[in-house]
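To start, the structure under review is shown below, and the notes come after it.
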Amino acid sequence: MDKYIDSIGLEKVPPSGAEGAGLYIHIPFCKQACHYCDFHFSTSLGKKEAMIAALKKELELRKSEFANENVETIYFGGGTPSVLELEEIEDLVSNVNKHYKVVDTPEITLEANPDDLSLQKTQALSKSPINRLSIGIQSFFDTDLKLMNRAHTADEASESLKNAVRYFDNISIDLIYGMPDMTLDRWKKNIEKALSFGVPHISSYALTIEPKTALANFVDKGLIRPASDEVAQEHFHLLYETLLHEGFICYEISNFGKPGYFSQNNSAYWQQKKYVGIGPSAHSFDGIRRGWNIGNNPKYIKALEKGELPMETETLSTKDKYNEYVMTGLRTIWGVDVTRIQKEYGKKYQDYLIMQSKKFREEGLLVLEGNVLSTTKKGKFLADGIAADLFMINLS
């Protein structure tokens, strides 16, 4: 899509590096369990050496999937990838370069917790292949961090950013809003504190109560009361207005970047580019099929030791592809291209989308400009719910 201007004058430019393919490497280890987290991880590092060997084996076994693709992004997620030693990170990157065609300057991201980013480690990472840090700050207030059972303190959050900005230019931080008892003033101070470090990218999510987590148990027992949707929406709008005023672009509902600092890795996901997910519970997509690895560390390691891939796959139907495109498209500034809907899925899907979206356009939640259907400022926070109403359910 060519450059175009939205209603508030910000240029919407598709991210560089969105063409090509990405690699995601899941590091399933954490120092402790956050109360809200339902990702796959283990707090025991006893199998770390065997896990790294298994990751390297999976990289080798799956190299044929990208035989004709250039890898443009490598993303270490988790879990907490920053628990790895520098030599272990370099070893994994070396194995990627050994088995895949990697572009000259790939975006290589490491998710990190503040308590892992000592001055010494941050300096060492800056000399490694890692060129982008994604730091799990979540909050600059100890009250919030204790409720979430984060491993770091508010002081460590600030210290990690002081270290990071000395050695890295491309930095993203995570913040969580909609916390129990989080006032609008405290949320505003979180945003202001984040901006004071000059980071070029902020990912921010509403706290969700996932089933079978410690947080869900606290809610069930009445120990805490989750924030209402109205409060979360108020927090989002403050974030949105503040960051846009500071020159950030909300290129995806939960992601704000300065021009030139959009996450190439995540943007590729949202634009349905190919990616291979390495590690237990990691997901993959080749444009036709979606796959996922077993979410069990011992079983994952055992399978790879035998040279087997512990992965299941499903072939996506036209309806599945349409629904996924609508969901991801409405979350981003690139929106949903209705001409692409007709070209890739058929005219009946295009007609359905235009018809089904009419009420949201009349309510000022969606806008159809040229061939692009996208959310308005008013509709951004509601994008997931709107998308669900635009899904194709029964049409084959």
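Under this note's numbering, the first residue of the sequence shown carries the number 1424, and numbering increases by one thereafter. The C-beta atom is built at its ideal place from N, Cα and C for all residues, glycine as well.
Residue pairing by DSSP places Gln-1561 opposite Leu-1598 in a beta bridge. Taken atom to atom, the span from the alpha-carbon of Val-1749 to that of Asn-1536 is near 33 Å. In the three-state reduction of the DSSP assignment, Lys-1696 falls in the coil class. Leu-1630 is positioned such that its CB atom lies closer than 7 Å to that of Ile-1599. Beta-bridge partners assigned by DSSP to Ser-1797: Val-1790.
The stretch 1675-1688 makes no contact with the stretch 1729-1740: fewer than 3 CB pairs, one atom from each, lie closer than 8 Å. Contact between Leu-1540 and Ser-1583 holds, since their C-beta atoms are separated by about 4 Å, short of 8 Å. DSSP, read as helix, strand or coil, puts Tyr-1523 in coil. Look at Trp-1610 here: in three-state DSSP terms it is helix. Of all C-beta pairs linking the stretch 1615-1623 to the stretch 1764-1774, fewer than three are shorter than 8 Å, placing the two stretches out of contact. Nearest to Ile-1632 by C-alpha distance, out of His-1624, Leu-1482, Asp-1643, Leu-1568, is Asp-1643.
Membership of Val-1494 in the beta strand (DSSP E) is indicated by the continuous run 1493-1501. In this chain, the alpha helix (DSSP H) harbouring Ile-1809 covers 1806-1813. Taking 3 residues as the minimum length, the beta strand (DSSP E) runs contained wholly in the stretch 1654-1728 are 1672-1675, 1678-1680, 1697-1701, 1706-1708, 1712-1716, in order along the chain.
Beta-carbon to beta-carbon, Gly-1769 and Val-1795 are separated by about 19 Å, too far to satisfy the 8 Å threshold. Closest in C-alpha terms to Glu-1657, from the list Lys-1800, Glu-1481, Ala-1490, comes Lys-1800.
For Glu-1481, the enclosing alpha helix (DSSP H) stretches over residues 1471-1484. In this structure, Pro-1703 sits away from Asn-1678, with a CB-CB distance that is not shorter than 7 Å. In this structure, Ser-1626 places its C-beta atom within 7 Å of the C-beta atom of Asp-1597. Sequence-distant partners of Thr-1576 (beyond 5 residues in either direction) whose C-beta falls short of 7 Å from its own C-beta, in its chain, are Asp-1565, Leu-1568. Taking 7 Å as the cut-off, the beta carbon of Val-1506 is found no closer than this to the beta carbon of Leu-1446. Assigned with DSSP and collapsed to three states, Phe-1452 falls in strand. Residue pairing for Leu-1646: DSSP places it in no beta bridge. Boundaries for Ile-1764: no beta strand (DSSP E) harbours it, while the alpha helix (DSSP H) harbouring it runs 1761-1768, taken from the DSSP string. Assignment of Pro-1537 by DSSP, reduced to helix, strand and coil, places it in the helix class. Out of Leu-1805, Met-1602, Ile-1448, the CA that lies nearest to the CA of Ile-1531 is found in Ile-1448. Using a Cβ distance threshold of 7 Å, Lys-1781 and Ile-1676 do not count as a contacting pair. In the structure shown, Ala-1587 falls within a helical segment according to DSSP collapsed to helix, strand and coil.
Between the stretch 1479-1499 and the stretch 1518-1533, the count of C-beta pairs closer than 8 Å reaches three or more; the two stretches touch.
Judged by their CB atoms, Thr-1798 and Ala-1806 are nearer to each other than the 7 Å cut-off.
Taking Ile-1756 as reference, the option from Leu-1791, Ala-1574, Ile-1777 with the minimal CA-CA separation is Leu-1791. In terms of CA proximity to Lys-1744, Lys-1696 leads the group Ile-1701, Pro-1733, Leu-1732, Lys-1696.
The continuous stretches of beta strand (DSSP E) do not include Thr-1741, which lies in the alpha helix (DSSP H) extending over residues 1741-1754. For Ser-1549, no beta strand (DSSP E) segment is defined; the enclosing uninterrupted segment is the alpha helix (DSSP H) at 1542-1549. When the beta-carbon positions are compared, Leu-1482 and Asn-1518 come within less than 7 Å of each other. Within a 10 Å sphere around the beta-carbon of Arg-1754 sit 16 or more other beta-carbons, which makes this residue buried.
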